[in-house]
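Comments concern the structure below.
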Amino acid sequence: MISTENSNIKRFTQQPGNANSLSSNQVLAIYETENSEIWIGTEFGLNHYLPVSETFHRFFSEPANPSSLAHNTVMDILEDNAGNLILATLGGLSVMSAKNQLFTNYKNEYYVEHSLSNDFVNCLLKDTMGDIWIGTERGGVNFYNANQHKFERFE
5 MISTENSNIK RFTQQPGNAN SLSSNQVLAI YETENSEIWI GTEFGLNHYL PVSETFHRFF
65 SEPANPSSLA HNTVMDILED NAGNLILATL GGLSVMSAKN QLFTNYKNEY YVEHSLSNDF
125 VNCLLKDTMG DIWIGTERGG VNFYNANQHK FERFE
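Numbering of the sequence shown is given in this note's numbering, commencing with residue 5 and proceeding in unit increments.
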């Protein structure tokens, strides 16, 4: 991290056995929210940076918990107009509620027309209207309508 006040550089790494350290040294995405919160997507989990303690709160996929992250590999992060985090993972799209930090996950459902086209989500883009565009692995581009929770596919 680089301080905006004095340009000091602070290096953070995974520290085995320390649950307050970065979950992985393989950082894939860094995002700063409108509220100046820092979120880091890694090869193994999502990390929320806590600047006062200079530690991290980690979020992981828990297969028995449908309100957890869809997959531990977080490829990209952005914030929607409601302040929710949108997360591109290798197991689908996760939306973290700004209210309670619980996840709603979207995956490809073969027989559902308006589902995500592929679970391997690589990148995200929010356009000037606040709409979310999703790039997938071998599934083309998806348009996500956050109000209707539906996807439109462009293959």
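Ideal Cβ positions, reconstructed from N, Cα and C, are used throughout, including at glycine.
Computed from a prediction, not measured in an experiment: that's the story for all the values here.
TODO: Just mark D80 as buried or exposed, buried being the case when its beta carbon has 16 or more other beta carbons within 10 Å.
DONE: Numbered from 1 along the sequence shown, position 76 holds the residue referred to as residue 80. D80 should be labelled buried.
Open item on the list: Quick test of your reading: N109 and S98, contact by CB under 8 Å. State the CB separation rounded to the nearest angstrom.
Closed with: Sequence index remark: in the sequence shown, residue 109 carries index 105 (1-based). Sequence index remark: in the sequence shown, residue 98 carries index 94 (1-based). The Cβ separation is near 5 Å, so the contact holds.
Task: Of the listed residues N39, V78, G134 and N22, nearest to F64 (C-alpha basis) - done: To locate residue 64, count along the sequence shown from 1; it is residue 60. Answer by Cα proximity: V78.
Open item on the list: Using a 10 Å radius around the Cβ and a threshold of 16 neighbouring Cβ atoms, would you call I44 buried or exposed?
Closed with: Numbered from its first residue, the sequence shown carries residue 44 at position 40. Burial call: buried.
- [ ] Could you give the DSSP three-state label for E36: helix, strand or coil?
- [x] Your numbering for residue 36 matches position 32 in the sequence shown. Strand at E36.
Open item on the list: Taking the beta strand (DSSP E) that R15 belongs to, which residues open and close that run?
Closed with: Walking along the sequence shown from the start, residue 15 turns up at place 11. That residue, R15, is in no beta strand (DSSP E); it is neither H nor E in DSSP.
- [ ] Would you mind listing the beta strand (DSSP E) stretches within the region 69-130 that are 3+ residues and don't spill past its ends, in chain order?
- [x] 78-83, 89-93, 96-100, 107-110 and 125-130
TODO: Pick helix, strand or coil for L26, following the three-state DSSP scheme.
DONE: As a working mapping, residue 26 is identified with position 22 in the sequence shown. Residue state, collapsed to three classes: coil.
TODO: Per DSSP, which residues does H61 bridge with? Please list them.
DONE: Walking along the sequence shown from the start, residue 61 turns up at place 57. H61 is bridged to H52.
Task: CB-CB length for A150 against N126, believed under 8 Å - done: Working through the sequence shown from its first residue, we reach residue 150 at position 146. Working through the sequence shown from its first residue, we reach residue 126 at position 122. Contact flag wrong, Cβ pair sits at about 19 Å.
- [ ] Give the straight-line distance between the Cα atoms of V116 and R142, rounded to the nearest whole angstrom.
- [x] Locating residue 116 in the sequence shown gives position 112, where the first residue counts as 1. Locating residue 142 in the sequence shown gives position 138, where the first residue counts as 1. The straight-line gap from Cα to Cα measures roughly 18 Å.
Open item on the list: Three Cβ pairs or more, each shorter than 8 Å: is that satisfied between the region 11-23 and the region 68-76?
Closed with: no
Open item on the list: One question on the structure: do N146 and L128 come within less than 8 Å of each other, judged by their Cβ atoms?
Closed with: Numbered from 1 along the sequence shown, position 142 holds the residue referred to as residue 146. Numbered from 1 along the sequence shown, position 124 holds the residue referred to as residue 128. The answer is no: Cβ separation not under 8 Å.
Task: Straight-line gap, F155 to H118 (C-alpha atoms, nearest Å) - done: Here the question's residue 155 lines up with position 151 in the sequence shown. Here the question's residue 118 lines up with position 114 in the sequence shown. Each residue's alpha carbon lies about 5 Å from the other.
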